Every structure is written in structure tokens, then in C-alpha cells.
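Residue numbers (the numbering used here): 1 to 147.
Have a look at the structure below before the remarks.
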């Protein structure tokens, strides 16, 4: 006899197979994966990725952190960006919400054969390193900016 468990991924259900025993309590048995018995809809209407949309204040704080870093990076000259083209820069910052974030700064050529450098700043969550928001600017050899 098979007893479904309440846990499992979408389209994969874990079942407890037991030789004997009443339900409930759970009979002794082994946990097996039966891929041919999929979950069509998650109980409670949960979304597939289980993530929620960020609140407006969270987006504003993330944007503030990103804009602050962009303003600092715009003060750096073109000659410095030529030296860091190969390796990304990383650092941790704390937002106004007292949450830690990771900043990743990469410099790449804007176009192949061009002298322009595109600087991209990515704000990531500190725990999962998931990209939350990103922005970039292009700097020219005469230290002008193109957005």
C-alpha cells in the first residue's frame, strides 16, 4: 500500500510504501520516489519557485545601495578600469534595512574592437548570491560617461 507524503517537488511526489499497517499512525516502510505519480498542483496554491515579489521599500533600499556604489565608481578614471577588465571586484555592504548584500563589479569592453569600457554593478543576496538588481555605465578613454 502507498501513502503519499505532504512533501515533494512539483511533478515529483515522495511516497511511503508499506507492507502492512493502518493509517494513521504511519506504518514502518521505506521512502521511495515515484516519478510517474506527479503533483499537478501544489497544495495551498504555492508558486513553482516559492519566491515572493519584493516589497516596494525593499526595492528602494536595493536601488539606494546600487546607486551609491555607482556614484563612487564613476569617480574612478578610465586608466584604472583598463587594469581591472579581466577580474571582477566583490565586496559586502549593509543596506539601510541592516541586511547584508554582495556587490559584484565587472568591467568589460563595451563592443569588440572598441576603446569604451562597460562597468556593470550587480547587487546580490549575501546568502544565495542571487542577483537582485543590476545597472551599468560606459566610460570612454577621455573619462566621459555614456549610459
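Where a beta carbon is used, it is the ideal one built from N, C-alpha and C, also for glycine.
Quantities reported herein were computed from a predicted structural model and do not represent experimental measurements.
I need the DSSP call for residue 68, collapsed to helix, strand or coil. helix
Decide if the stretch 73-80 is in contact with the stretch 49-63; the criterion is three or more beta carbon pairs, one per stretch, under 8 Å apart. no
Per DSSP, what kind of secondary structure is residue 134 in: helix, strand or coil? strand
Whole-angstrom distance between residue 145 and residue 118, CA atom to CA atom: 10 Å
6 Å Cβ shell around residue 97 - same chain, five flanking residues per side excluded: 61
Under a Cβ-count criterion, where at least 16 other Cβ atoms within 10 Å of its own Cβ denotes burial, should residue 122 be classed as buried or exposed? So residue 122 counts as buried.
Let's test the definition: count the other Cβ atoms within 10 Å of the Cβ of residue 148 and tell me whether it reaches 16, buried, or not, exposed. Residue 148 lies beyond the range of the chain shown here (1 to 147); nothing can be said about it.
Can you name the residues that DSSP bridges to residue 119? 107 and 137
Contact set for residue 132: own chain, Cβ-Cβ below 7 Å, skip 5 residues either direction: 62, 123, 124 and 125
Going by beta-carbon coordinates alone, are residue 88 and residue 102 separated by less than 9 Å? Taking 9 Å as the Cβ cut-off, residue 88 and residue 102 do not qualify as a contacting pair.
Between the alpha carbons of residue 142 and residue 68, how many angstroms are there, rounded? 23 Å
Can you say whether residue 57 is buried or exposed, counting buried as having 16 or more other CB atoms within 10 angstroms of its CB? exposed
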